[in-house]
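As given, the protein sequences belong to chains A and B, one line each in that order.
Residues 1489 to 1780 in the working numbering are what the first sequence lists, from first letter to last.
Residues 2 to 230 in the working numbering are what the second sequence lists, from first letter to last.
Beneath this line is the structure, given in structure tokens, with notes to follow.
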Amino acid sequence: MRVLAGLFLQGLTNLGRNKWAQFFTLSTVIFTAFMAGLFLLVLYNLQLAARSTQEGIQFQVYWDQDKPLEEVREQWKEISTWDISAITTFTPEEALYSLADSLSADLDIEFLTLHNPLPPTALIEFSLQDGYGEDRTRQVRSKLMDLPGVQRVGFNPLQLDLARTWIRVSSGIFWPLIGLMLVITGLVVANTLKLNQMQRREEVEILALVGASSGYIQFPLLISGAVQGLVGGALSLGLLRVLHLAVEDVLYFPPLWVRIEFLPPLYILAVPAVLTLVGIFSSFLAVRSRLR
Amino acid sequence: MIQVKHLSHSFGRHWVLKNISFSLDKGDFLFLTGPSGAGKTTLLRVLHGSLALQRGRVLIAGFDLKTLPEKRLYQLRRQVAIVFQDFRILPDKSVRDNVALPLQVRGMISGQVQKRVRAVLRGLHLDRKAGHLCREISGGEQQRVAVARAVVTNPKVLLADEPTGNLDKKLSMQLMEVFRQFHIHGTTVVLATHSENLINSLPGAKILCLKDGSATESSWNAGEEECAY
Ligand SMILES: Nc1ncnc2c1ncn2[C@@H]1O[C@H](COP(=O)(O)OP(=O)(O)O)[C@@H](O)[C@H]1O
Ligand SMILES: [Mg+2]
């Protein structure tokens, strides 16, 4: 027990020995894990988007800019009586403010309110019941187009098709992609950590020569590897979260209203866990051939 | 203590050791001599298990190298210590830490380790260098550190590859005295050397002369030029 604790400590102190090598190793691990996390984040959000498109269709409706707002409000009231699941409306002013909000730049709001370039808009969602999806989509669209003053209905059947295809493909490709990413991350991280441990190959050989058991030699290395993996994974998640906070709202304005979600808890746990295992495994490989 | 029968070893197609046989009892002292490239180092490395046994049989300190699995090699090395020609000490550690290593890997508690290390360093006149880093001491001192590390565990078998190669005559004789002490107290010693002086200093020792991969066991005979190099 005393020996084990000693070896554990040794594994930790070994990390402090060659600070630059440690720094570069950790940077590589963090960078690789960060890229993997980013990839995961993008995939995850695409998946979410695909799922929401599957459940409903959105039309972005733009009115003529000079159409009196009173008449537009009347039409909004009428539309909400249709068989739709939601309608979100924006007067030019509301649209401007939420746009300014999401951009958070020094927009000259005062000036823009006087010369507002935005038209009244509405975001209409309805669900696709099985069977007559395509037909209903076309119906609602032409009904919207027929309203006087409607300038444009932002909906593209191609988009719908794309969404559908994406769902079909993604469920088949989502896990293989994640698997591929895991393998690549694993290889890069494992190799980096392995090279890092190779610096200590002389020491490992000498320990073996003077009668150290392989457990005695490997345990501290495995601890170092595990710590590097864990710390690298955790820091990369931290970085990813910072990036996420910076961009989560960039698409959150009318008519997109897409909020980028962060990774769910399972993934958050998985990143450092996987990297820790990779760290342990690569340390194991690094010295395996050095014990004779 | 050591039995070698029909041992052969090759690197690629080049047979370095051909059909070597000899045996040593507890407390025997063997000088391993022969010209450079004769295979002395190779033989010592086979005995220590750092080269896998290819042909023949080797029994050493109660271990059969033919059947000893790699993961139990460390048990052999706790009985059989070696001093390498190139020392193989850790340059960035102190003399004290290098010598303590074999005791630490055996799990000895630190107080005892320090006591043993101090005693051995004194015996090798290294006590004043105990705190120095190994890369900051002379070649001769490094060589003695390697010897100290080998003897600190009181091994059953002590293998040494030209351990006086970097030492002047006086230090060589001092070191030889260390080996002799272990020999007298029952350690089996195999010492590879070119030095006639060293061999002459221990008349009772056995001599094995390697040449072209073959070995002739003889007692030292100054007139017999066969084993002079
Ligand atoms: N790892 C190796 N690979 C290939 N050849 C080797 C290796 N080690 C030693 N040899 C060869 O084996 C022969 C014996 O070497 P060695 O045992 O070091 O001799 P000595 O110690 O008697 O000088 C030499 O010809 C050397 O070139
Ligand atoms: Mg040699």
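All C-beta atoms in this analysis are idealised placements derived from N, C-alpha and C, irrespective of residue type, glycine included.
#1: Please indicate yes or no: does the CB of B:GLU163 lie closer than 7 Å to some heavy atom of ligand 2?
#2: Any contact of the region 1697 to 1714 of chain A with the region 63 to 76 of chain B, i.e. 3+ C-beta pairs under 8 Å?
#3: Taking the Cβ atom as the reference point for each residue, do B:SER184 and B:PHE30 lie within a distance shorter than 8 Å?
#4: Just jot down, in chain order, the residues whose CB lies closer than 5 Å to any heavy atom of ligand 1.
#5: Does any C-beta atom of chain A lie closer than 8 Å to the C-beta of B:LEU102?
#6: Would you tell me roughly how many angstroms separate the C-alpha atoms of B:ARG78 and B:ARG58, rounded to the nearest one?
#7: Could you pull the DSSP bridge partners for B:HIS10 from this structure?
#8: Shorter than 7 Å, the distance from the beta carbon of B:GLN86 to the closest heavy atom of ligand 2, or not?
#9: With 16 as the cutoff for other CB atoms within 10 Å, does A:MET1686 come out buried or exposed?
#10: B:ARG89: beta carbon under 7 Å from a heavy atom of ligand 3?
#11: In the DSSP assignment, what are the bridge partners of A:GLN1546?
#12: Answer yes or no: does any C-beta atom of chain A fall closer than 8 Å to that of B:SER22?
#13: Look up B:GLU163 in the DSSP assignment and say whether it is helix, strand or coil.
#14: Is the Cβ of A:SER1702 closer than 8 Å to any Cβ of chain B?
#15: Would you call A:GLU1566 buried or exposed, if buried means 16 or more other Cβ atoms sit within 10 Å of its Cβ?
#16: Taking C-beta pairs closer than 9 Å, name the residues in chain B that A:LEU1695 reaches, listed in chain order.
#17: Which residue wins for smallest C-alpha separation from B:ALA131, given the options B:THR68, B:GLN144, B:ALA101, B:SER95?
#18: Would you call the region 1599 to 1607 of chain A and the region 1547 to 1564 of chain A touching, i.e. three or more CB-CB distances under 8 Å?
#19: If contact is defined by three or more beta carbon pairs under 8 Å, each pair taking one atom from either stretch, is the region 92 to 106 of chain B in contact with the region 1712 to 1727 of chain A?
#20: If the cut is a Cβ gap below 9 Å, which residues of chain B does A:VAL1775 touch?
#21: List the DSSP bridge partners of B:VAL81.
If we stick to the structure as given:
#1: The residue given as residue 163 of chain B occupies position 162 in the second sequence. Indeed, a heavy atom of ligand 2 lies less than 7 Å from the Cβ.
#2: yes
#3: Numbered from its first residue, the second sequence carries residue 184 of chain B at position 183. Numbered from its first residue, the second sequence carries residue 30 of chain B at position 29. Residue identity differs from the one stated: residue 184 of chain B is His in this sequence, not Ser. It is a contact, given that the beta carbons lie within the stated cut-off.
#4: For ligand 1, residues qualifying as neighbours are B:PHE12, B:VAL17, B:SER37, B:GLY38, B:ALA39, B:GLY40, B:LYS41, B:THR42, B:THR43, where qualification means a beta carbon closer than 5 Å to at least one of its heavy atoms (chain order).
#5: Counted from its first residue, the second sequence places residue 102 of chain B at position 101. So, interface residue.
#6: Here residue 78 of chain B is taken as the residue at index 77 of the second sequence, counted from 1. Here residue 58 of chain B is taken as the residue at index 57 of the second sequence, counted from 1. Going from the Cα of B:ARG78 to the Cα of B:ARG58 covers about 18 Å.
#7: Within the second sequence, residue 10 of chain B is the residue found at index 9, counting from 1. Bridge partners of B:HIS10: B:LEU18.
#8: Indexing the second sequence from 1 puts residue 86 of chain B at position 85. The answer is yes for B:GLN86.
#9: Locating residue 1686 of chain A in the first sequence gives position 198, counting from the first residue. With fewer than 16 Cβ atoms within 10 Å of its Cβ, A:MET1686 is classed as exposed.
#10: Annotation note on ligand 3: not contained in the displayed structure, which lists ligand 1 and ligand 2 as its ligands.
#11: Here the question's residue 1546 of chain A lines up with position 58 in the first sequence. Note: A:GLN1546 sits in a beta bridge opposite A:GLU1613.
#12: Sequence index remark: in the second sequence, residue 22 of chain B carries index 21 (1-based). At a cut-off of 8 Å between beta-carbon atoms, B:SER22 makes no contact with chain A.
#13: Numbered from 1 along the second sequence, position 162 holds the residue referred to as residue 163 of chain B. Under the three-state reduction of DSSP output, B:GLU163 falls in the coil class, being neither helix nor strand.
#14: Counted from its first residue, the first sequence places residue 1702 of chain A at position 214. Interface residue, yes.
#15: Here residue 1566 of chain A refers to the residue found at position 78 of the first sequence. It counts as exposed.
#16: Sequence index remark: in the first sequence, residue 1695 of chain A carries index 207 (1-based). Residues of chain B passing the Cβ test: LEU102, VAL106.
#17: Here residue 131 of chain B is taken as the residue at index 130 of the second sequence, counted from 1. When each option's Cα is compared against that of B:ALA131, the closest is B:SER95.
#18: yes
#19: Too few Cβ pairs lie closer than 8 Å, so no.
#20: For the purposes of this step, residue 1775 of chain A is taken as residue 287 along the first sequence, with counting starting at 1. In chain order: nothing, as chain B lies at least about 13 Å away.
#21: Position 80 of the second sequence holds residue 81 of chain B. According to DSSP, which records beta bridges pairwise, B:VAL81 is partnered with B:VAL158.
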